[in-house]
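Q: In the numbering used here, the protein residues as written are 4 to 375. Supplied in structure tokens, the structure appears directly below.
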Ligand code: PMV
């Protein structure tokens, strides 16, 4: 059922000529994890993430108005015709990406029926190394949804409400990949209904309006590339395994509670308390994978070696550096920028040797989608 709030604007005037638009969207790293969903990309628990600024997808959308040959094939958007598009990554055709994008277009078409009126070329590239184990679906679908929504705003003959625009962009991005909903704005985004966040809902993410200590607005995320191979189990398979998981209900409840704890700690500026909750969340996510049926492991020996070193360094130096993990073997190191001069030499000396080819990415919290 369509959500009236996001139905297309009646004041749209579609262009008669071809054109292009380019946007960038960042990846994000969840502090409280989304793992488990109901049909329609509805999360089983609320999540919260830092928006990043260096790990980006840049997408150029080129459109050409479709010439219709018969009245029966009117571009009314309500017919079932699939959207006409081609996808290129780094300038090379990538037909293997088409099925996911086709599913996305099918899901969003009732909210953007005009996509059926054009032939699309999607050109996309990532700033992070291909196959680095960093999920590109969050930044990728945020960029695609953002480009489409910039076009909708451009073609709208009346003023567009920026709050509603951001909500619809996040709503559409969510239909591509759940976590993409949180890449639209920054620096801290929440998604999913939660009693401590009165404006929260399951359909789109928003930037936190809660009181958060300034230290958290200037955080580093150094991504240690432990394993740059393809993920052995996709996140959609992982989400599905939560359906019959023996600990699922406890996990969803734990995430809700961790979100409450984290918001309170972040309001107080408690960086050490933050470390405890964030690390528990990362390990709980992986515990779900290790205890599902079938079970699987995404951590590698060096993931664990890094985790132990992080805990040792924090204890020895009283520096609030902590780790978190995505659905993969890479480790995200989170710490206040003010400690970079102490943390970076240690990363180079102790942690880089545990990374594949000694590689890591220096990122920090950022602001989300940008039109170029
Ligand atoms: O957006 P998806 O369906 O790829 O799920 C991502 C889930 C995690 O990255 C593991 C956690 C999260 O909240 O981002």
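Think of the CB as a built atom: it goes at the ideal place given N, C-alpha and C, for glycine as much as any other residue.
For the alpha helix (DSSP H) that residue 108 lies in, which residues bound it at each end?
A: Residue numbering aside, residue 108 sits at position 105 when the chain shown is read from its first letter. 101–111 is the extent of the alpha helix (DSSP H) around residue 108.
Q: For the ligand PMV, I want to know if residue 181 counts as a neighbour, meaning its beta carbon is within less than 7 Å of at least one of the ligand's heavy atoms.
A: Locating residue 181 in the chain shown gives position 178, counting from the first residue. Within the cutoff, so yes.
Q: With DSSP as the reference, identify every bridge partner of residue 144, one or two as the case may be.
A: Counting from one through the chain shown, the residue named residue 144 turns up at place 141. For residue 144, which the question treats as bridged, DSSP gives no partner whatsoever.
Q: Note down, one range per segment and in chain order, each beta strand (DSSP E) of at least 3 residues found wholly within the segment 226–255.
A: none
Q: So for residue 203, helix, strand or coil by DSSP?
A: As a position in the chain shown, residue 203 is number 200, starting the count at 1. If DSSP states are grouped into helix, strand and coil, residue 203 belongs with coil.
Q: Compare the beta carbon distance of residue 211 and residue 122 with 8 Å and say whether it is the shorter of the two.
A: Along the chain shown, read from residue 1 onward, the residue named residue 211 stands at position 208. Along the chain shown, read from residue 1 onward, the residue named residue 122 stands at position 119. Their beta carbons are not under 8 Å apart, which means residue 211 does not touch residue 122 by this criterion.
Q: Just to confirm my understanding: we take residue 189, look at its own chain, exclude 5 residues before and 5 after, and list those with CB closer than 6 Å. What are they?
A: In the chain shown, the residue the question calls residue 189 occupies position 186. Closer than 6 Å at the Cβ level, and outside the excluded window around residue 189, lie 54, 369, 370, 371.
Q: Given a cut-off of 8 Å on the beta-carbon distance, is the pair residue 92 and residue 258 in contact?
A: Here residue 92 refers to the residue found at position 89 when the chain shown is read from its first residue. Here residue 258 refers to the residue found at position 255 when the chain shown is read from its first residue. Their beta carbons are not under 8 Å apart, which means residue 92 does not touch residue 258 by this criterion.
Q: Considering Cα atoms alone, identify which of 197, 207, 159, 273 is closest to residue 182.
A: Position 179 of the chain shown holds residue 182. Minimum Cα distance to residue 182 is reached at 207.
Q: Can you list, in chain order, the residues of its chain whose CB lies under 8 Å from that of residue 367, leaving out five sequence neighbours each side?
A: The residue you call residue 367 lines up with position 364 of the chain shown. Counting only Cβ-Cβ distances below 8 Å, and skipping sequence neighbours, we find 55, 56, 57, 221, 222, 223, 224, 340.
Q: Tell me, to the nearest whole angstrom, how far the beta carbon of residue 120 is from that of residue 69; I am working on the premise that it is less than 8 Å.
A: Here residue 120 refers to the residue found at position 117 when the chain shown is read from its first residue. Here residue 69 refers to the residue found at position 66 when the chain shown is read from its first residue. The pair is a contact, with the Cβ atoms about 6 Å apart (cut-off 8 Å).
Q: Are residue 50 and residue 33 closer than 8 Å when you measure CB to CB?
A: Residue 50 sits at position 47 when you count from the first residue of the chain shown. Residue 33 sits at position 30 when you count from the first residue of the chain shown. Yes, they are a contact pair.
Q: Report the rounded CA-to-CA distance for residue 142 versus residue 293, giving the unit in angstroms.
A: For the purposes of this step, residue 142 is taken as residue 139 along the chain shown, with counting starting at 1. For the purposes of this step, residue 293 is taken as residue 290 along the chain shown, with counting starting at 1. Approximately 27 Å, taken between the alpha carbons.
Q: Figure out for me which residue from 46, 354, 268 has the closest Cα to the Cα of residue 204.
A: In the chain shown, residue 204 corresponds to position 201, counting from 1. Checking every option, the nearest Cα to that of residue 204 belongs to 46.
Q: Give a single yes or no on whether residue 288 has its beta carbon closer than 7 Å to a heavy atom of the ligand PMV.
A: Walking along the chain shown from the start, residue 288 turns up at place 285. Yes; taking the cut-off as 7 Å, the Cβ of residue 288 has a heavy atom of the ligand PMV nearer than that.
Q: Taking 8 Å as the cut-off, decide whether the C-beta atoms of residue 111 and residue 178 are in contact.
A: The sequence position of residue 111 within the chain shown is 108, counting from 1. The sequence position of residue 178 within the chain shown is 175, counting from 1. Going by C-beta atoms, residue 111 is nearer than 8 Å to residue 178.
Q: Going by DSSP in three states, residue 318 sits in which element: helix, strand or coil?
A: Indexing the chain shown from 1 puts residue 318 at position 315. Helix.
Q: Drop a sphere of 10 angstroms on the beta-carbon of residue 324, count the other beta-carbons inside from all chains shown, and report buried for 16 or more, exposed for fewer.
A: Start at 1 with the first residue of the chain shown, and residue 324 comes out as number 321. Buried, since its Cβ has 16 or more Cβ neighbours within 10 Å.
Q: Just the C-alpha distance for residue 356 and residue 301, rounded to the nearest angstrom, thanks.
A: By 1-based counting over the chain shown, the position of residue 356 is 353. By 1-based counting over the chain shown, the position of residue 301 is 298. Roughly 20 Å between the two C-alpha positions.
Q: Could you tell me how far apart the beta carbons of residue 363 and residue 228 are, in whole angstroms, since I believe they sit closer than 8 Å?
A: Translated into the one-based positions of the chain shown, residue 363 becomes position 360. Translated into the one-based positions of the chain shown, residue 228 becomes position 225. Contact between residue 363 and residue 228 holds, since their C-beta atoms are separated by about 6 Å, short of 8 Å.
Q: In this structure, does DSSP put residue 6 in helix, strand or coil?
A: In the chain shown, the residue the question calls residue 6 occupies position 3. It is coil, neither helix nor strand.
Q: Determine the extent of the beta strand (DSSP E) in which residue 33 is found, giving its start and end residues.
A: Indexing the chain shown from 1 puts residue 33 at position 30. Its beta strand (DSSP E) spans residues 22–35.
Q: Could you give the DSSP three-state label for residue 58: helix, strand or coil?
A: For the purposes of this step, residue 58 is taken as the residue at position 55 of the chain shown. Correct three-state label for residue 58: strand.
Q: Residue 259 by DSSP, collapsed to three states: which one?
A: For the purposes of this step, residue 259 is taken as residue 256 along the chain shown, with counting starting at 1. The answer is helix: DSSP assigns residue 259 an H, G or I state.
Q: Can you name, in chain order, every residue of its own chain whose Cβ lies under 7 Å from the Cβ of residue 145, other than the five neighbours on each side?
A: Indexing the chain shown from 1 puts residue 145 at position 142. Only 28, 176, 183, 186, 187, 372 meet the Cβ criterion.
Q: Can you check whether the CB of residue 169 is closer than 8 Å to the CB of residue 24?
A: Numbered from 1 along the chain shown, position 21 holds the residue referred to as residue 24. Numbered from 1 along the chain shown, position 166 holds the residue referred to as residue 169. Taking 8 Å as the Cβ cut-off, residue 24 and residue 169 do not qualify as a contacting pair.
Q: Work out the CA separation of residue 244 and residue 353 for me, nearest whole Å.
A: Residue mapping note: residue 353 aligns to position 350 of the chain shown, counting from 1. Residue mapping note: residue 244 aligns to position 241 of the chain shown, counting from 1. Those two C-alpha atoms are separated by around 36 Å.
Q: Just how far apart, CA to CA, sit residue 166 and residue 124?
A: Walking along the chain shown from the start, residue 166 turns up at place 163. Walking along the chain shown from the start, residue 124 turns up at place 121. It is roughly 28 Å from the alpha-carbon of residue 166 to the alpha-carbon of residue 124.
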